[in-house]
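If you want our numbering, it's the position in the sequence shown, counting the first as 1, plus 13.
Remarks on the structure that follows.
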Amino acid sequence: MPLESAKITIPDAKKEAVAKLQIPVHIGVTMDGNGRWAQARGKPRTEGHREGIKALRKLVEYAIQFDVSYLTVFSFSSENWRRPKNEVEFIFKLLRRFVESDLQKLHTNNVRIRILGDREKLEAGLQKIIAQVESKTASNTGLNLNVAFNYGGRAEITLAVRKIAGSVKNGDISLDDINENLVAETLFTSQIPDPDLLIRTGGEQRTSNFLVWQSAYAELVFLEVLWPDFGESNFVHALEIYSSRQRRFGGIEAVS
Ligand code: FPP
């Protein structure tokens, strides 16, 4: 079922829950465990991804209800090309379906959608759909939903280095103009604040090339739950862990 075009509301009970928590401005989520979820049920891995889309729809609703400003989800990494062709094709189909069939509801809910990643390697039809979805939602001012697709952190940094080196070579900038702000502004996440919290489901405790530059000071929360089973209690649990952490950004005082 695609998201309906109705407006997502915030029940009073949820407003109270939000008031007790520190809400990160930007949450990144690695939606891991779809394959294991399917295999445990004797189903093909693709069924796990199909269920994964449903969990993603719920996540977007929680993010809106809990007043998160930026949500970035890792949905296909540059390394995922190594998977069997049918699985890769299935994930591509899901992306297309997600951005097409859910667009109206996301737009109604004032969600701005961006796709982060190397889109030149995607087929022309998909590139066109991505451009349309981004431009249709560009002036929305609610949740910023970033879908990392054909995304890899190292590839992103490498691309930025090439662009900056090109600008130096052309004489547009000098070596002295290269600083952290320029690098940050040359990444796919230009204009997007760094993530405060990274959540990874599926029990693995690594970041796997997700937001490598941007997550330098992010709090990391690893959950055992497999992505298709991710629900509101897991989301709240991650926020509770985040709320209990002291963020110092290299200093000694807690920063909230
Ligand atoms: C990781 O689980 C998940 C992925 C590589 C794909 C994530 C995709 C979705 C949640 C649905 C598609 C969403 C969009 C927007 C395209 P895994 O397959 O690595 O699971 P495993 O670790 O159990 O094998």
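We put the CB at the ideal spot given by N, CA and C, even for glycine.
If you're wondering where the values come from, they're calculated on a predicted model, not measured in any experiment.
How do the segment 186-196 and the segment 205-225 stand: do at least 3 beta-carbon pairs fall below 8 Å, yes or no?
-> no
CB-CB under 6 Å to E237, same chain, minus the five flanking residues each way: which ones, in chain order?
-> Counting from 1 along the sequence shown, the entry for residue 237 is found at position 224. Once the five neighbours on either side are set aside, the close Cβ partners of E237 are G216.
Return the first residue and the last residue of the beta strand (DSSP E) that E83 is part of.
-> Counting from one through the sequence shown, the residue named residue 83 turns up at place 70. Per the sequence shown, residue 83 should be read as Tyr rather than Glu. From DSSP, the beta strand (DSSP E) with Y83 extends over Y83 to S90.
Going by beta carbon distance, what residues of the same chain come within less than 6 Å of V249, once the five residues before and after it are set aside?
-> Taking the sequence shown and counting its residues from 1, one reaches residue 249 at position 236. So no residue of the chain qualifies.
Proximity test, F201 beta-carbon vs the ligand FPP heavy atom, cut-off 6 Å = Looking up residue 201 in the sequence shown gives position 188. Answer for F201: no, Cβ out of range of the ligand FPP.
Which whole-angstrom value is the C-beta distance of I126 and V160, which I expect to be below 8 Å?
-> Numbered from 1 along the sequence shown, position 113 holds the residue referred to as residue 126. Numbered from 1 along the sequence shown, position 147 holds the residue referred to as residue 160. Confirmed, Cβ separation roughly 7 Å.
Confirm the yes/no value for this check: CB of F235, any heavy atom of the ligand FPP, distance under 6 Å.
-> Locating residue 235 in the sequence shown gives position 222, counting from the first residue. F235: no, Cβ never under 6 Å from the ligand FPP.
Per the contact definition of three or more C-beta pairs closer than 8 Å, is the segment 50-68 in contact with the segment 219-226?
-> no
Pairing CB atoms from the segment 40-51 with CB atoms from the segment 67-80, are three or more of them under 8 Å?
-> yes
Name the DSSP bridge partner or partners of F201?
-> Here residue 201 corresponds to residue number 188 of the sequence shown, with the count starting at 1. Per DSSP, none; premise fails for F201.
Residue interval of the alpha helix (DSSP H) (run including N247) = Residue numbering aside, residue 247 sits at position 234 when the sequence shown is read from its first letter. E245 to S257 is the span of the alpha helix (DSSP H), which, as asked, contains N247.
How far does the alpha helix (DSSP H) with I143 in it reach, from first residue to last?
-> Start at 1 with the first residue of the sequence shown, and residue 143 comes out as number 130. Start and end: A137 to T150.
According to DSSP, is T22 helix, strand or coil?
-> Locating residue 22 in the sequence shown gives position 9, where the first residue counts as 1. It is coil, neither helix nor strand.
Take P15 and list the residues in its own chain whose beta-carbon comes closer than 6 Å to its own, dropping the five residues that flank it on each side.
-> Walking along the sequence shown from the start, residue 15 turns up at place 2. Model confidence at P15 stands at a pLDDT of 45, short of 50, so the residue's coordinates are unreliable; what they give is reported in the following sentence. Same-chain partners within the cutoff: S114 and D115.
So what does DSSP say about G155, is it helix, strand or coil?
-> The sequence position of residue 155 within the sequence shown is 142, counting from 1. Coil, per DSSP.
Are there 16 or more other CB atoms within 10 angstroms of the CB of Q145, so buried, or fewer, so exposed?
-> Counting from one through the sequence shown, the residue named residue 145 turns up at place 132. Flag for Q145 reads exposed.
Could you tell me the distance, in whole angstroms, from the CA atom of R110 to the CA atom of F243?
-> Taking the sequence shown and counting its residues from 1, one reaches residue 110 at position 97. Taking the sequence shown and counting its residues from 1, one reaches residue 243 at position 230. Looking at the two C-alpha atoms, the distance is approximately 21 Å.
Other residues of its chain near F235: CB distance less than 6 Å, five sequence neighbours each side excluded = Within the sequence shown, the letter at position 222 stands for residue 235. For F235, where only same-chain residues beyond five positions count, the Cβ hits under 6 Å are R213 and Q218.
Would you call the segment 170-186 and the segment 96-109 touching, i.e. three or more CB-CB distances under 8 Å?
-> no
List the DSSP bridge partners of V234.
-> Sequence index remark: in the sequence shown, residue 234 carries index 221 (1-based). BP columns for V234 point to I212.
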